[in-house]
Structures are given as C-alpha cells and as structure tokens.
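Trainee:
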Amino acid sequence: PAGPPPGAVATPPPPHLGQMRTKREAAISQSESEPEVEGVMSVLNGALAACRRAVKAQVCNEVAKRLHLMEDSWRSGRLSLPVRRRMDTLSAELQKGRWDAADDIHRSLMVDHVTEVSQWMVGVKRLIAETRNLIAPDSAAEAPPPTVAPCHGFVSLASFWAG
-6 PAGPPPGAVA
4 TPPPPHLGQM
14 RTKREAAISQ
24 SESEPEVEGV
34 MSVLNGALAA
44 CRRAVKAQVC
54 NEVAKRLHLM
64 EDSWRSGRLS
74 LPVRRRMDTL
84 SAELQKGRWD
94 AADDIHRSLM
104 VDHVTEVSQW
114 MVGVKRLIAE
124 TRNLIAPDSA
134 AEAPPPTVAP
144 CHGFVSLASF
154 WAG
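Residue 13 in the numbering used here sits at position 20 of the sequence shown; the count goes up by one each step and never skips.
1. Determine, using beta-carbon pairs with one atom in the segment 106 to 117 and one in the segment 54 to 64, whether at least three such pairs fall under 8 Å.
2. Could you give the distance in angstroms between the alpha-carbon of residue 70 and the alpha-carbon of residue 128?
3. Assign residue 47 to one of two classes, buried (16 or more other C-beta atoms within 10 Å of its C-beta) or exposed (fewer than that).
4. Pick helix, strand or coil for residue 49, following the three-state DSSP scheme.
5. Which word fits residue 27, buried or exposed, when buried means at least 16 other C-beta atoms lie within 10 angstroms of its C-beta?
6. Out of 110, 122, 45 and 66, which one is the CA nearest neighbour of residue 95?
7. Looking at residue 102: is its Cβ nearer than 7 Å to the Cβ of residue 40?
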C-alpha cells in the first residue's frame, strides 16, 4: 500500500484557518437550518381546529385533506428546502395573525414553486382566509388571533380526526 514517503510528516493547517472553517461551517449550517414539519403542522392543525367551530365541515375536511398532502410530501422528501422554509414562515405569520404576510408567502410559493405546491396550496390559502374571517369577518385589518395557536405537542391528522 502506498503511503507517505519515509520521514514525511503531514502538517495540519495553521490553527486560524481551522477556526475560520469551523465558524464558516457553523454560519452556513445555521443559515440553512431545517424547519421541522411538526412545528408547521401544529400551527396549521391548530388553525384548522379553531375554524371547525365556525366553518362548514365539508370545507374543513377539504383543507385537512390538502394539509395531509403537504405533510406527506414534506415527510417523504418531496418538498425542497425553500418551500419548507417558506411554509415555516407562513405558519409563523398565520399564528401571529399577519394575514397579509401569510397571503404574500402563499402567492410567492405559487409563483416560484407551482409544480411542488399546487396539489395542497389551495387548502393553505383557504385556511388563511378562514382564520382571518374568524377574527375579523368583515374586515381585512391585521389583528392578533386569540384562538389560533399551535397545538401543544404534535398531532397527526390521523389522530386529530380520530379524537
């Protein structure tokens, strides 16, 4: 087996280069953090649960079906990192009652990633609209939602419907 010539010593990079590389790698991994499907689904399912009190069952069931498609796509690796990140941001905006911001993210996803999101994004759009109506049925004013909060702990759609 080939190895280093006799007497040769491998020299490590100077310490400052190793430290720079470590800091750079940490910054890259932090900027590319992976959103968690559980957090996004918790907010979306919480919003759906709030809507069930005031919205027709047929509408809620259709939204639930679309959310399940999104969750399945995410868990099976069919959603790109930009889509996952934007859905994380959209769910945060929805939770804060920032309907216009959530709508803007919805539109950008439809424009930039239509083939990836088209099967389920209509359900997310309807969920945004219905949660907005829960808070201000006759107004488009931004208001913090008293009833739209993430569920405590992850609730899968299957267990959500079973309970």
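Heads up, the beta-carbon is just placed ideally off N, CA and C, and yes, glycines get one too.
Mentor: On the basis of the data shown:
1. Cβ pair count under 8 Å is three or more, so yes.
2. What you label residue 70 is simply residue 77 of the sequence shown in a count that begins at 1. What you label residue 128 is simply residue 135 of the sequence shown in a count that begins at 1. Approximately 34 Å between the Cα atoms of the pair.
3. Indexing the sequence shown from 1 puts residue 47 at position 54. Exposed.
4. By 1-based counting over the sequence shown, the position of residue 49 is 56. Here residue 49 sits in coil by DSSP.
5. Walking along the sequence shown from the start, residue 27 turns up at place 34. The residue in question, residue 27, is exposed, as its Cβ has fewer than 16 Cβ neighbours within 10 Å.
6. Taking the sequence shown and counting its residues from 1, one reaches residue 95 at position 102. Comparing alpha carbon positions, the residue from 110, 122, 45 and 66 closest to residue 95 is 122.
7. Your numbering for residue 102 matches position 109 in the sequence shown. Your numbering for residue 40 matches position 47 in the sequence shown. No.
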